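Residue numbers (this note's numbering): -19 to 328.
Note that the Cβ used here is the ideal one computed from N, Cα and C, for glycine as well.
Quantities reported herein were computed from a predicted structural model and do not represent experimental measurements.
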């Protein structure tokens, strides 16, 4: 399962492409964008955002991942059918579950399938409960063509799960589906180069940065020891976009501030072992976008980000990184957004 050359699961490199303009896309579904996500960062964002706005966003998170995984699974099924392969529902669900540990989502053990009705399973070592519940529901919905609901018995990282097909959609699900179906056009500008593994095609930087333990369903960053996942970006972006549409520009500023705060703590633990230039190179490797430093003058920094996975997410992480590694406090003086590109100016 792992590549003998680099140690990364073979499917990661064989199924995805790292483009020179800051994105990771599927080889067979170029509209599905992937990213490496810091699980602690997501937990911190959702928790602090819920506190700030006085509304628990976990339902939005679950709905977004349900529709995200529905979109992904339907594309996967369509790809198999185009190749003349149409597995029965139970076989397909078991195949899909076998992928979860590879991308760090957790271990799924399917116990019973009642076709068209329900699935009983056990989940272990999952990365995030609301997101995992959404992904499980989305998979069943794609296979049974019915809206699914999840009943969970257990704690935040393991439990017994019953997924039932109910066939009824609700307003929030319809709204999230609209957001998931939006595919932002990519700007094909950039020259980020990767040394690719000769065995599987993944960037060799991945194996230097991450330890991939499929048996434990764990992707761990070697330097920080933080857990990461390799996942579709659509669900995470949909949550942020819906909140922004509903609550306005203020929630964008709030998200930037929360992610700036998290980023400061993350990079503080790395002070002395890395540099701003090294970290900018990791943004495209993780699928966050291609960050280019355009100008550094009198303590001011001007960046251009091509294909940011989401502007507030990239701006907040970049802001906190710059402050920590440069040991100075900055203000985000300007954020200019164009299609597929954002300009960021930080000043002292």
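Practice task
My understanding is that residue 236 touches residue 164, with C-beta atoms under 8 Å, so please give their C-beta distance in whole angstroms.
Solution key: About 19 Å; that fails the 8 Å criterion.
Handout entry: Best match in 80, 216, 125 for proximity to residue 104 [C-alpha to C-alpha]
Key = It is 80.
Handout entry: Whole-angstrom distance between residue 61 and residue 267, CA atom to CA atom
Key = Using only the alpha carbons, I get a separation of about 29 Å.
Practice task
May I ask you to report which of helix, strand or coil DSSP gives residue 274?
Solution key: Residue 274 falls in the strand class under three-state DSSP.
Exercise for the section: For the region 69 to 108, list the alpha helix (DSSP H) runs that are entirely contained and at least 4 residues long, ordered along the chain. Expected result: The qualifying runs are 69 to 79.
Exercise for the section: Quick one: measure Cβ to Cβ for residue 313 and residue 327, integer angstroms, because I've assumed they're closer than 8 Å. Expected result: Sure, about 4 Å apart at Cβ, within 8 Å.
Practice task
Excluding the 5 residues preceding and the 5 following residue 322 in the sequence, name in chain order all residues of the same chain whose CB lies nearer than 6 Å to its CB.
Solution key: For residue 322, where only same-chain residues beyond five positions count, the Cβ hits under 6 Å are 285, 288, 291.
Practice task
Could you check the C-alpha separation between residue 234 and residue 302 for me, to the nearest Å?
Solution key: Taking the straight line from one Cα to the other gives about 18 Å.
Handout entry: Contact the region 41 to 51 vs the region 116 to 132: 3+ CB pairs below 8 Å
Key = Contact holds: three or more Cβ-Cβ distances are below 8 Å.
Problem - residue 281 - DSSP class collapsed to helix/strand/coil - result: Residue 281 falls in the strand class under three-state DSSP.
Exercise for the section: Just mark residue 144 as buried or exposed, buried being the case when its beta carbon has 16 or more other beta carbons within 10 Å. Expected result: Flag for residue 144 reads buried.
Exercise for the section: Tell me where the beta strand (DSSP E) around residue 223 begins and ends. Expected result: For residue 223, there is no enclosing beta strand (DSSP E); the residue is found in the alpha helix (DSSP H) stretching over 214 to 227.
Handout entry: Cα-Cα separation, residue 209 to residue 96
Key = Spanning the two alpha carbons is a distance of roughly 30 Å.
Exercise for the section: In the DSSP assignment, find the beta strand (DSSP E) that holds residue 4 and state where it starts and stops. Expected result: For residue 4, the enclosing beta strand (DSSP E) stretches over residues 4 to 6.
Handout entry: Per-residue burial, residue 113 [other beta carbons within 10 Å of its own, 16 or more giving buried]
Key = Answer is buried; the Cβ neighbour count reaches 16.
Exercise for the section: Just grab the DSSP bridge partners of residue 317 for me. Expected result: BP columns for residue 317 point to 322.
Practice task
Assign residue 140 to one of three DSSP states: helix, strand, or coil.
Solution key: It is a strand residue.
Problem - Within 8 Å, strictly: CB atoms of residue 274 and residue 282 - result: It is a contact, given that the beta carbons lie within the stated cut-off.
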